[in-house]
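FYI, in my numbering the residues of the sequence shown are 3 to 162. The beta carbon of each residue, even a glycine, is placed where N, CA and C say it ideally should be. In this text the structure is predicted, and so the values were computed from the model without any measurement.
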Amino acid sequence: MGTPDFIREIRATAGHQLLLLPGVSAIVFDDDGRVLLGRRADTGGWSVIGGIPEPGEQPATTAVREVYEETGVHCVAERIVLVQALKPVTYPNGDHCQYLDTTIRCRAVGGEARVNDEESLEVGWFSPDALPKLEEFALFRIKQALTDTPTWFEPAPSRT
3 MGTPDFIREI
13 RATAGHQLLL
23 LPGVSAIVFD
33 DDGRVLLGRR
43 ADTGGWSVIG
53 GIPEPGEQPA
63 TTAVREVYEE
73 TGVHCVAERI
83 VLVQALKPVT
93 YPNGDHCQYL
103 DTTIRCRAVG
113 GEARVNDEES
123 LEVGWFSPDA
133 LPKLEEFALF
143 RIKQALTDTP
153 TWFEPAPSRT
């Protein structure tokens, strides 16, 4: 799907200035413990599945929707894995964004993994000990989703 229409409307008046945007990442596991990944059309690299919530959409709903839209896999959201402000990014068109990501662990419940939209070149299931090359943020999200620890967040700096 690319950039949502509501973001395009904001950009029409905001120009390229920095926008703080919500993002949702979905770490999806199947019954064999494999994780679902997509090879992105924009970068050519493998990554976790994710996207931007529509206005008023709950993060868990976004995770389930994005997984299906990109991969054809049906899933259910199980728990929040982490919440993290990411570093600002600048896109080739000059747009500046910073995402506040909510990562959700999900469980596959149906469908068959396939390229289901123009955002992916490939999709596939991978054993956590045999992952393709991934960016550090994706590896960290998968690692956190594999633990039973409470939701991870970066602690606030001490004021002492």
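Cα-Cα separation between residue i and residue j, rounded to whole angstroms
i	j	result
Val69	Ile51	6 Å
Asp103	Pro61	10 Å
Leu148	Ala132	14 Å
Val78	Ser129	20 Å
Identity of the residue in the options nearest residue i by Cα
i	options	result
Pro24	Lys89, Arg116, Glu72	Lys89
Asp7	Val85, Ala65, Glu56	Glu56
Val91	Gly40, Gln19, Thr15, Arg36	Gln19
Ser122	Ser49, Gly17, Ala16	Ser49
Leu22	Val66, His76, His98, Val37	His98
Leu136	Glu11, Gly17, Val37, Ile12	Val37
Tyr101	Val85, Ala115, His76	Val85
Residue environment, residue i, which counts as buried when at least 16 other CB atoms sit within 10 Å
i	result
Ser27	buried
Ser160	exposed
Ala14	exposed
Arg143	buried
Glu72	buried
Rounded distance between the beta-carbons of residue j and residue i, thought under 8 Å
i	j	result
Gly113	Gly74	5 Å
Taking one C-beta from the stretch 96-112 and one from the stretch 24-32 each time, how about it: are there three or more such pairs within less than 8 Å? yes
Under 8 Å, with one C-beta from each stretch per pair, do the stretch 39-53 and the stretch 80-89 reach the 3-pair mark? no
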